[in-house]
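Presented below is the structure to which this report refers.
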Amino acid sequence: MRELTSVLILEDEPIVAFTLEDMLLDLGFEDVRLTTSIEDAFRSLEIDSPDVAVLDVNIRGERSYGVADKLSSLGVPFIFATGNGNAEHPEGLKLVPTLTKPYSPEDLASALTVASSRV
Amino acid sequence: MRARDWTSTPLGSPETWPEALKTLVAVMLGSSQAMFLAWGGDRCLLYNDAYAEILASKHPAALGQDFLKVWQEIRGDLVPIVDKAYRGDPVQMDDIELWVDRKGFREEAHFTFSYTPVRGDSGDVDGFFCVCQEITAQIVAERSLRESEARAQADAERVRLALDAGAIIGTWFYDIPADRFAVDEQFANAFGIDPERGRSGLGLEEMIATVHPDDKPALVAAVEEAIAKGGPYAHQYRVRRMDGRYYWIEANGRVDKASDGTPLSFPGVLLDIEERRRTETALQETSRKLDAILNNTREAVFLMDHQQHCVYANAAAEALTGYRAEDLHGRPLHELIHHKKPDGSPYPIEECPIDRAFPARAQMSGEELFVAPDGSFYPVGFTASPLLDEEGSPVGTVIEARNIAEEKARDEALHEQKRILETLNRTGATVAAELDLERVVQTVTDAGVELTGAQFGAFFYNVLNEAGEAFMLYTLSGANRSQFERFGTPRATAVFKPTFDGEGIIRSDDILADPRYGKSAPHWGMPEGHLPVRSYLAVPVASRSGEIIGGLFFGHPEPGRFNERHETLMLGVAAQAAIAIDNARLYRDAQLEIEQRRKAEKQQQLLINELNHRVKNTLAIVQGLAQQSFKGDVSADVARAAFNARLSALAAAHNLLTSAGWERASLLDIISSSVRATAGAASSQVTCGGPQMVLSPQTAVSLAMAIHELSTNAIKYGALSHDAGTVSVVWRVTRGEDGPRLHLEWIELGGPPVAVPTKKGFGTRMIERGLAAELRGEVVLEFASSGVRCVIDAPLPEA
Chain A
2 MRELTSVLIL EDEPIVAFTL EDMLLDLGFE DVRLTTSIED AFRSLEIDSP
52 DVAVLDVNIR GERSYGVADK LSSLGVPFIF ATGNGNAEHP EGLKLVPTLT
102 KPYSPEDLAS ALTVASSRV
Chain B
109 MRARDWTSTP LGSPETWPEA LKTLVAVMLG SSQAMFLAWG GDRCLLYNDA
159 YAEILASKHP AALGQDFLKV WQEIRGDLVP IVDKAYRGDP VQMDDIELWV
209 DRKGFREEAH FTFSYTPVRG DSGDVDGFFC VCQEITAQIV AERSLRESEA
259 RAQADAERVR LALDAGAIIG TWFYDIPADR FAVDEQFANA FGIDPERGRS
309 GLGLEEMIAT VHPDDKPALV AAVEEAIAKG GPYAHQYRVR RMDGRYYWIE
359 ANGRVDKASD GTPLSFPGVL LDIEERRRTE TALQETSRKL DAILNNTREA
409 VFLMDHQQHC VYANAAAEAL TGYRAEDLHG RPLHELIHHK KPDGSPYPIE
459 ECPIDRAFPA RAQMSGEELF VAPDGSFYPV GFTASPLLDE EGSPVGTVIE
509 ARNIAEEKAR DEALHEQKRI LETLNRTGAT VAAELDLERV VQTVTDAGVE
559 LTGAQFGAFF YNVLNEAGEA FMLYTLSGAN RSQFERFGTP RATAVFKPTF
609 DGEGIIRSDD ILADPRYGKS APHWGMPEGH LPVRSYLAVP VASRSGEIIG
659 GLFFGHPEPG RFNERHETLM LGVAAQAAIA IDNARLYRDA QLEIEQRRKA
709 EKQQQLLINE LNHRVKNTLA IVQGLAQQSF KGDVSADVAR AAFNARLSAL
759 AAAHNLLTSA GWERASLLDI ISSSVRATAG AASSQVTCGG PQMVLSPQTA
809 VSLAMAIHEL STNAIKYGAL SHDAGTVSVV WRVTRGEDGP RLHLEWIELG
859 GPPVAVPTKK GFGTRMIERG LAAELRGEVV LEFASSGVRC VIDAPLPEA
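Heads up: the protein sequence lines correspond to chains A and B, in order.
Following the working numbering, the numbering of the first sequence begins with 2 at its first residue and continues without gaps.
Following the working numbering, the numbering of the second sequence begins with 109 at its first residue and continues without gaps.
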């Protein structure tokens, strides 16, 4: 975890996004890149790849799986955070660690650890 | 002879003849016996009347001619004996056969000749004298005797052979005037008569003692009749022989009568006819049995000769063909009863399988159509067997045949029955397994057409649509839908009503003649262009509940096509149909209910999922609000108050969204409800205005939270901190490069002088970053000393 310094957030709900941002800062991330739309997320990835990413699944009615695929291709570990208790991810993303909202900082930390240890 | 002019002959005038000649001529002419003289060197012939008969046609030209010339034809034979006589030697000839014509025809005659040399005055032989004696009668009698002897010998031989063979029991000779029977040894032995007595003679009584008592009177009568009439006699009767048993014999004889008619003799033989009678009886028995068989069998039997002409036909054959046996005799059967085909074309005998048995020398059998005397056809089963002689060559044909019309009708009836059963079974099985209403009624309609032989059939039935309205549908069989479409569904006319009311089956041989037909407006009968219906059969189909589901209707353009059996069949089919339709309806209702329940469950699951999602998101927001509220070095009371206020604002936004089905909220409502929830009484100092527009739930919540933060700040430090301050929230739609934009301003006025906050709290973060991100626009927060001012510029949000 100590070597991870940058993290990308994709979360359209501002209050939830701020909370996550704070949690990640508290976890020691120095560079937290908050995006609230799928286009923003892609744009951010074009500039620079983060060490890890946290993606909300449902972004204004759209799924964030495109971004997930992009992260996979970039070799960036990531986790999903969703309000949907039993979200069914598509083939290839089924094994991605998924947090159910609301989650604690500890849940977040361990999910990130699992995700990054897989890469 | 005397009338002859002798002068021209070598003999010259009779006065000049030598004495010997004169004397002999006198003797000759005086004799009735045939005589002739040959005189002189040239054998001049002289003869008397008797000899003239022998000469026959040679006479009278022969008189005075050369003897050898007269008998020119036998000159060779005569010359030696004539020479011998002229040399002076007498010649004797016995039995010379001559064919003489004395009575106008040539007949056989036999003679003896003796040539006697005659010496003239000189002492030399001058001629010869011949005396002829006819011995024809003697010769013929001798010959006849010889022949008779030979015959008798042959007869005796034959009788001996017959006796030895046992065919003749014995012979008898009945001397009628003496009334005595003489029998031979075999006869005597056969009947236990002393042979000695048999030879000497027996009386009639003795002779018939061994005759069967029943046969005696007839025998005596037959014997008496034969004696009275004369001629041949034959009679059969039974006699007891040595072994004590009676045997059939035949007495065969002849009654000879004297010229005056007196019966003289009655010879005869006894023949053993036991074997013959047995054979005959056996033959008769066989023949009787054969006749009994042939005349009692129901199989027609024909016997054909090698030309395929009928030589025998039994009683059944007469019955089969309709011809009498004598009409069939000697006629080619094929030409009589098998000469044409049902289409009227000739049936050549070369194609006839019955006829083929003869040349093929093989038994043929099969089925054919024979022609009755009236020209109609009837089916027969036949077997034709060739009759072969000992060498295996065909000499005729035996044909057996029987009328199989009934058999065929029975077969057809059975076949029909089988077909009906199969159809019923198939229909039953199909409709029992079928839950699709359309297919059930189609199957039932098809089965009805098949079972009744209707030209077409229809099933009209009521169904309820989703609104509970009754609709009449129909299926057709044997007709196209287009043939019915323009007529619409049948109405409860006088003809149809009883069926739709379930009153029972209606069957009409001719619906046009039915009193109910043609009584209803507007068509008064079948509409124009309707398929022609004469035979009509309609069966109601009633549900178990008693409800009339519909009716099966069958039609045929010819009258009288449906019968009671069809009614019965259709009752069965209608019952099956009713059950199947009930089942199909139940199934469909159940399916519908299951479907609806499934839909409801799915809907419910979706709602639960949605609710779960919203709750979780809301909890996440609440978690965020808590985290933001309790962060940093604020006191617990302040933090709790801020958290409570934020929760209230969130709840207000949620209330608003819930009232609109969580689908949208109007911009005005969101702003005013958020202000109201935060500022309470002070909200009257806030004015809102702008064009009507709606926001999505998520945008609405973010805006509500941002307005809450602005309101809180205004209450704590800004325009709403005392009564004189006002807040104006105004918005308008502007034109941007990428489309319409929302321009919204929060302007505080009349409040205490504003100081720029030393650090940025949640409120600022929410407004500047959160709302901006949410709206994908720009949000500028100005802490001007006159009052806080917040300007939002963003693309027009989509609801």
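Heads up, the beta-carbon is just placed ideally off N, CA and C, and yes, glycines get one too.
Bear in mind that the values here come from a model prediction, so they are computed numbers and not experimental data.
I think residue i touches residue j, with their Cβ atoms under 8 Å apart; what is that distance to the nearest whole Å?
i: B/MET412; j: B/GLY556; result: Their Cβ separation, rounded to whole angstroms, is 52 Å, which puts B/MET412 and B/GLY556 out of contact at 8 Å.
i: A/LEU100; j: A/LEU94; result: The pair is not a contact, with the Cβ atoms about 14 Å apart (cut-off 8 Å).
i: B/THR583; j: B/GLN550; result: 5 Å
i: B/LEU137; j: B/VAL178; result: That belief does not hold up - the Cβ atoms of B/LEU137 and B/VAL178 are roughly 19 Å apart, past 8 Å.
i: B/ALA728; j: A/LYS102; result: 4 Å
i: B/CYS238; j: B/PHE219; result: About 10 Å separates the two Cβ atoms, so there is no contact after all.
i: B/ARG840; j: B/GLY885; result: Rounded, the Cβ-Cβ distance is 14 Å, inconsistent with contact.
i: B/TYR223; j: B/PRO198; result: 6 Å
i: B/ASP618; j: B/ARG642; result: 5 Å
i: B/MET813; j: B/LEU775; result: In fact, because the Cβ distance is near 15 Å, the residues do not count as touching under 8 Å.
Give me the Cα-Cα distance between residue i and residue j, rounded to the nearest whole angstrom.
i: B/GLN712; j: B/GLN704; result: 12 Å
i: B/LEU645; j: B/THR676; result: 11 Å
i: A/ARG3; j: B/LEU889; result: With a pLDDT of 46 at A/ARG3, under the threshold of 50, the modelled position of that residue is not reliable, and the figure given next carries that caveat. Cα-Cα distance, rounded: 37 Å.
i: B/VAL409; j: B/GLN344; result: 37 Å
i: A/SER74; j: A/SER50; result: 11 Å
i: B/ALA330; j: B/GLU250; result: 39 Å
i: A/ASP57; j: A/GLU12; result: 5 Å
i: B/LEU543; j: B/GLU530; result: 21 Å
i: B/ALA169; j: B/ARG254; result: 39 Å
i: B/ARG784; j: A/SER111; result: 42 Å
i: A/LEU5; j: B/LYS724; result: 29 Å
i: B/VAL506; j: B/VAL488; result: 15 Å
i: B/LEU758; j: B/GLY895; result: 26 Å
i: B/ALA773; j: B/ILE855; result: 23 Å
i: B/ASP364; j: B/TRP280; result: 14 Å
i: B/PHE891; j: B/LEU883; result: 22 Å
i: B/THR834; j: B/SER791; result: 9 Å
i: B/ARG305; j: B/MET143; result: 60 Å
i: B/MET678; j: B/GLY483; result: 40 Å
i: B/LYS130; j: B/GLY228; result: 11 Å
i: B/GLU265; j: B/SER256; result: 14 Å
Run the CB neighbour count on residue i, radius 10 Å, all protein chains shown included, and call it buried at 16 or more, exposed below.
i: B/GLU216; result: exposed
i: B/TRP632; result: exposed
i: B/MET350; result: exposed
i: B/SER781; result: buried
i: B/PRO805; result: buried
i: B/ARG346; result: buried
i: B/THR652; result: At residue 652 of chain B the sequence reads Arg, which differs from the Thr that was named. It counts as exposed.
i: A/ILE39; result: buried
i: B/TRP207; result: exposed
i: B/PRO494; result: buried
i: B/VAL248; result: exposed
According to DSSP, which residues form a beta bridge with residue i?
i: B/TYR354; result: B/ARG348
i: B/ARG840; result: B/HIS851
i: B/CYS898; result: B/TRP854 and B/LEU889
i: B/LYS166; result: Note: B/LYS166 sits in no beta bridge, so no partner.
i: B/CYS152; result: B/TRP147 and B/ASP174
i: B/TRP280; result: B/VAL291 and B/GLY376
i: B/MET472; result: B/ALA492
So does residue i have its beta carbon nearer than 6 Å to some heavy atom of the ligand GTP?
i: B/GLU886; result: Looking for the ligand GTP in the displayed structure turns up nothing, as the structure carries no ligands at all.
Task: Segments of 3+ residues assigned as beta strand (DSSP E) that fall wholly inside the region 628-678 of chain B - done: Here the runs fully enclosed are 643-650 and 656-664.
- [ ] Return the chain-ordered ranges of every alpha helix (DSSP H) run that is complete within the region 493-563 of chain B and spans a minimum of 4 residues.
- [x] If we require 4 residues or more, the alpha helix (DSSP H) runs fully inside the region 493-563 of chain B come out as 513-541 and 545-560.
Task: Inside the region 359-421 of chain B only - beta strand (DSSP E) runs reaching at least 3 residues - done: Counting only runs that start and end inside the region 359-421 of chain B, the beta strand (DSSP E) elements of at least 3 residues fall at 371-380, 408-412 and 418-421.
Open item on the list: Quick check for students: name the residue ranges of the beta strand (DSSP E) that lie wholly in the region 170-216 of chain B, counting only runs of 3 or more.
Closed with: 199-209, all fully within the region 170-216 of chain B.
Task: Whole alpha helix (DSSP H) elements within the region 17-73 of chain A, 4-residue minimum - done: Considered as a whole, the region 17-73 of chain A harbours 39-48 as its complete alpha helix (DSSP H) runs of no fewer than 4 residues, in chain order.
- [ ] Taking only runs that begin and end inside the region 749-811 of chain B, name each unbroken beta strand (DSSP E) of 3 or more residues, in chain order.
- [x] Fully enclosed beta strand (DSSP E) runs of 3 or longer: 794-797.
- [ ] Starting from the N-terminal side, write out each stretch of the alpha helix (DSSP H) that is 4 residues or longer and does not extend beyond the region 284-355 of chain B.
- [x] Taking only runs of at least 4 residues, the alpha helix (DSSP H) segments lying wholly in the region 284-355 of chain B are 293-299, 303-308, 312-315 and 324-337.
Task: Runs of alpha helix (DSSP H) wholly within the region 79-107 of chain A (minimum 4 residues, chain order) - done: Counting whole runs of 4 or more residues, the region 79-107 of chain A contains no alpha helix (DSSP H) stretch at all.
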